[in-house]
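Chains U and L supply the protein sequences, listed in that same order. Residues in the first sequence are numbered from 1 upward in steps of one, following the working numbering. Residues in the second sequence are numbered from 1001 upward in steps of one, following the working numbering.
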Amino acid sequence: MPVRGLRFKASRLGRLNLTPNARIGVVLFLLPVAIAIFGPFFAPYAPDEIIGNAFAAPSQHHLLGLDFVGRDVLSRFLWGGRTAIFIALIGTALGYTLGVVIGLLSAHRRGWVDELFGRLTDLVLAFPALILALLLLAAFGTSIEVVVIAIVVTTAPGATRISRAAALEIVDLPYVEAAKARGERTAFITMREILPNIRRPLLVDYGLRLTAAILLVAGLSFLGLGLKAPAADWGLMIGENRVALTVQPWPVLVPTIAIACLTIGINLVLDGYRRGGVAGVLEDSAETVRVV
Amino acid sequence: MIRLVGVRIAAGIATLLAASIIIFAVMQILPGDAATALLQQQASNKKVLAELRHQYGLDRPAPVRYLKWIDGAVHGNFGLAPGSELPVTSLLRTPLKNSTILLAITLLLMFPFALVIGVASALRRQSWIDGGIQTVVLVLASLPSFAVGIALIVLFAFTWRLLPAVSFTLSARSLVLPVATLVLGWVPLTARMVRAGVVDVLDSDYVQMARLKGISEAKVIRRHVLPNALVPSIQAFALTAASMPAGIVIVEFLYSFQGVGNALVEAVANRDTATVEAITLILVVVYVLANLLSDVATVLLTPRLRTQAAR
């Protein structure tokens, strides 16, 4: 039998009936994502084009007014979702893969491997995520690469813990034993027996980490330590325009609302999954990640 | 029991030591050091650089510097801040005081709120009250704290003009919005965990047993549910308290509150190594201590763990 690997079939995950809250969550989540993907095609101006006075009020030509150096707020908003979302996606994808590999390895090998990675995980988790990110930024300088590394480093330990715990629950079950007795290779057992059976708790947990990462990127950019001017990024827009909240609230409010929709949306969907009882080891956990 | 508590404390100290090594090591990786950073503006001169290195003790091997740093840190001495000749400790005195005040008020206000909301929600579980509370709590818990803060500023500082938008100087009025932002952001997390803890107890066999014996529901809750919900609640509080030091960074920055969070952001932007090391170490100590307290409280308050350890 060939190793066909993981199949995240939408139908399998969508089979359970979404609660009303979760439905709202899906819409809230998809809205900013759609803006991030398609927004730039509708932007009336270039995101870094200075076209008027700083903090000009909304007008016919500039629906959301201008920002602190006189750039079109609407255009910057339409461009600014890409970095806000995709840096978090890339970082969590890398970090989560790393974490799951380590977690499954720990569950498989146990012994000193498990012990070593367990200690390492505890150690990284001794730092609050934002503090660890700030430490890395202070050491390596502020750049997108360092932000991605910070996300990887803060995502991996959680992924390690949850995948290890989920895998340990099933490694001694008869169907895994049967696969071993058939003489299947470890890679095969991992891909065909273990991963498919722990995918739901992992997916829910991944959602939590993704929220945390989106908030981390937004928070760092807000502090002026993530993306650098003149980039168009939601977090950065909030940070650099907040001094004029009274005069020109739109460059602060619109990206804030977009980020809020994103994180509220993900959490509403995850909450639906957890209540739907498909989250396995995560079912009873009330943990919500707050990093910023 | 003493042994179990001792083991936890030892593990906490080991974690702190390892974390301090990481903080120190990461800050050493940076290309160049405080001396080159300082000289960047001036025309760099090899001889001046070497002198400056010697002055800051940067010419000695890393382990020696680490031991000197950690020895100083234990005695409250974090070295000199590059750029000024002032010790980091004296520069951090006021921010530390301000942040401590902010945190203390927030924590004091937060606990009763979280407890009432969590317990009420759990006792009315499956009702519209619980549903409503859970949705509001989830939405608030998902929001970044700067979003909560910006909403509060727009409402209370600009629309109704009741409170200052900037908390540059410390006063009762300037504390209101930062405290409110932290409370609104962190109460939901605690309340969710408290609710989960109470729900666990409500579903337990001994509560079922008490009900089957015919004890009135009010008495069951008073005698069996609430005392047993104490441990998970305390854990929830400790976990929340642990995540607060990171939370104050964003909130302090938003309100220009002169605390350690703001000082940390400034130090990272300026690559002020000594200050970054000092503040991250302080925040990690707070974080680890809060987690340790939660562990120890659990051991002390859970009779099962007490007797297990005694054996």
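The beta carbon of each residue, even a glycine, is placed where N, CA and C say it ideally should be. As the structure is a computational prediction, the values presented were derived from the model and not from experiment.
Chain U contact residues for residue i, given Cβ-Cβ distances below 9 Å
i, result
"L/Y1287", "A126, F127, P128 and I131"
"L/M1027", "L135, A138 and A139"
"L/F944", "Chain L is shown only over 1001 to 1311; residue 944 of chain L falls outside these bounds and no answer can be derived."
"L/V1268", "L134, L135, L137, A138, T142, L223 and L225"
"L/T1280", "F127, I131, L132, L134, L135 and A138"
Among the options, the one whose alpha carbon lies nearest that of residue i
i, options, result
"U/F38", "U/S163, U/W250, U/A244 and U/G80", "U/G80"
"L/L1111", "L/H1075, L/F1024, L/V1088 and L/T1240", "Note that residue 1111 of chain L is Phe in the sequence shown, not Leu. Checked all of L/H1075, L/F1024, L/V1088 and L/T1240; the closest Cα to L/F1111 is L/T1240."
"U/L105", "U/L253, U/V152, U/G70 and U/L168", "U/L168"
"U/S59", "U/V73, U/R164, U/G25 and U/D48", "U/V73"
"U/I266", "U/G141, U/V148, U/L215 and U/A43", "U/L215"
"L/V1288", "L/A1269, L/E1277, L/M1244 and L/G1261", "L/M1244"
"L/F1146", "U/V252, U/F29 and U/R119", "U/V252"
"U/S143", "U/R119, U/I35 and U/I87", "U/I87"
"U/F42", "U/R76, U/V247 and U/D48", "U/R76"
"L/F1257", "L/K1047, L/I1023 and L/L1182", "L/L1182"
"U/W234", "U/I24, U/P32 and U/A22", "U/P32"
"L/K1068", "L/A1274, L/V1249 and L/A1157", "L/A1274"
"L/A1180", "L/L1293, L/A1165, L/Y1206 and L/T1169", "L/A1165"
"U/R242", "L/S1171, L/H1075, L/V1268 and L/V1154", "L/V1154"
"U/K228", "U/V269, U/G141, U/L268 and U/R200", "U/G141"
"U/V291", "U/E184, U/L125, U/T160 and U/A166", "U/L125"
"L/P1178", "L/T1169, L/A1157 and L/G1149", "L/G1149"
"U/A218", "U/V204, U/I238 and U/T154", "U/I238"
"L/F1024", "L/L1281, L/L1300, L/K1097 and L/E1051", "L/L1281"
Contact set for residue i: own chain, Cβ-Cβ below 7 Å, skip 5 residues either direction
i, result
"U/E193", "Y175, V176 and A179"
"U/I50", "V69, G70 and R71"
"U/A231", "T83"
"U/V163", "First, the amino acid is wrong: residue 163 of chain U is Ser here, not Val. Closer than 7 Å at Cβ, skipping near neighbours: G99, V100, G103, L104, I198 and L202."
"U/G5", "Here U/G5 scores only 43 on pLDDT, less than 50, and its place in the model should not be relied on; the value that follows carries that caveat. Cβ neighbours of U/G5 beyond the five flanking positions: M191."
"L/G1197", "A1229, P1232, S1233 and A1236"
"L/W1186", "M1110, T1240, M1244 and G1247"
"U/G14", "In this prediction, U/G14 has a pLDDT of 48, which is less than 50 and means its spatial position is unreliable; what the coordinates show is noted afterwards. The answer is none, since no qualifying residue turns up."
Contact list for residue i against chain L, beta-carbon separation under 9 Å
i, result
"U/F222", "P1144, F1146, I1250, F1253 and L1254"
Same chain, Cβ closer than 6 Å to residue i, neighbours up to 5 away in sequence not counted
i, result
"U/A150", "A133 and L136"
"L/L1189", "A1141 and T1240"
"U/I189", "A179"
"U/G52", "L66 and G70"
"L/A1019", "V1284"
"U/F8", "Note that U/F8 scores a pLDDT of 45, beneath 50, so its modelled location is shaky; the value from the coordinates is reported in the next line. Counting only Cβ-Cβ distances below 6 Å, and skipping sequence neighbours, we find nothing."
"L/L1091", "A1081"
"L/L1293", "A1238"
"L/R1311", "Unreliable placement is indicated for L/R1311, whose pLDDT of 42 sits below 50; the coordinate value is still reported in the next sentence. Here the set comprises nothing."
"L/A1122", "R1195, V1198 and V1199"
"U/Y153", "This sequence places Val at residue 153 of chain U; Tyr is not what is there. Excluding sequence neighbours, U/V153 sits near nothing in its chain."
Partners in chain L for residue i, counting only beta-carbon separations shorter than 8 Å
i, result
"U/D122", "T1015"
"U/L215", "P1144"
"U/G197", "Here the sequence assigns Asn to residue 197 of chain U, which means Gly is not the residue at that position. Per Cβ cutoff of 8 Å: no residues; U/N197 is ~25 Å from chain L at best."
"U/A260", "S1142, L1143, P1144 and A1147"
"U/T190", "Those do not exist, as U/T190 stays about 31 Å from chain L at its closest Cβ, beyond 8 Å."
Listed by chain order, chain U residues near residue i by CB distance under 8 Å
i, result
"L/P1095", "Correct list: empty, because the minimum Cβ distance to chain U is about 15 Å."
"L/T1169", "Result: empty, since nearest Cβ-Cβ is about 18 Å, beyond 8 Å."
Same chain, Cβ closer than 8 Å to residue i, neighbours up to 5 away in sequence not counted
i, result
"U/L210", "A88, L89, T92 and I266"
"U/I85", "P32, V33, A36, I214 and L262"
"U/P2", "In this predicted model, U/P2 has a pLDDT of only 44, less than 50, meaning its place in the structure is not dependable enough to derive any value."
"L/M1027", "T1273, V1276 and E1277"
"L/V1220", "V1207, A1210 and R1211"
Cβ of residue i within 8 Å of any chain C Cβ
i, result
"U/T263", "As a matter of chain content, chain C is missing from the structure shown, whose protein chains are U and L."
Chain-ordered neighbours of residue i on chain L, where CB pairs are closer than 7 Å
i, result
"U/V176", "Near U/V176 there are no residues of chain L at all, since even the closest Cβ is about 30 Å away, more than 7 Å."
"U/V252", "I1150"
"U/I353", "The structure shown does not extend to residue 353 of chain U, since chain U spans only 1 to 292, so no value can be given for it."
Proximal chain U residues relative to residue i, where beta-carbon distance stays under 7 Å
i, result
"L/R1271", "A138"
* Asked: Using a Cβ cut-off of 7 Å, which residues of the segment 266-277 of chain U contact any Cβ in chain L, in chain order?
  -> N267, L268 and D271
* Asked: Which runs of the beta strand (DSSP E) fall wholly inside the segment 30-104 of chain U and span at least 3 residues, in chain order?
  -> none
* Contact list for the segment 1205-1229 of chain L against chain U, Cβ threshold 8 Å -> none
* To do: For the segment 1217-1270 of chain L, list the alpha helix (DSSP H) runs that are entirely contained and at least 4 residues long, ordered along the chain.
  => 1226-1254 and 1260-1270
* Asked: Along the chain, which unbroken stretches of the alpha helix (DSSP H) at least 4 residues long are found entirely within the segment 1126-1177 of chain L?
  -> 1128-1142 and 1145-1152
* **Runs of alpha helix (DSSP H) lying entirely within the segment 131-187 of chain U, each at least 4 residues, in chain order** => 144-170 and 174-181
* To do: Would you list, in sequence order, the uninterrupted alpha helix (DSSP H) runs of no fewer than 4 residues that lie entirely inside the segment 206-282 of chain U?
  => 234-241 and 250-275
* Selection of the segment 1103-1137 of chain L by Cβ proximity to chain U, strictly under 7 Å -> T1135
* the segment 84-117 of chain U: positions lying closer than 7 Å to chain L by Cβ -> none
* To do: Residues of the segment 1185-1198 of chain L with a CB closer than 8 Å to any CB of chain U: list them in chain order, please.
  => G1185, W1186, P1188, L1189, R1192, M1193, R1195 and A1196
* To do: Could you run through the segment 155-170 of chain U and flag, in chain order, every residue whose CB is less than 7 Å away from some CB of chain L?
  => none
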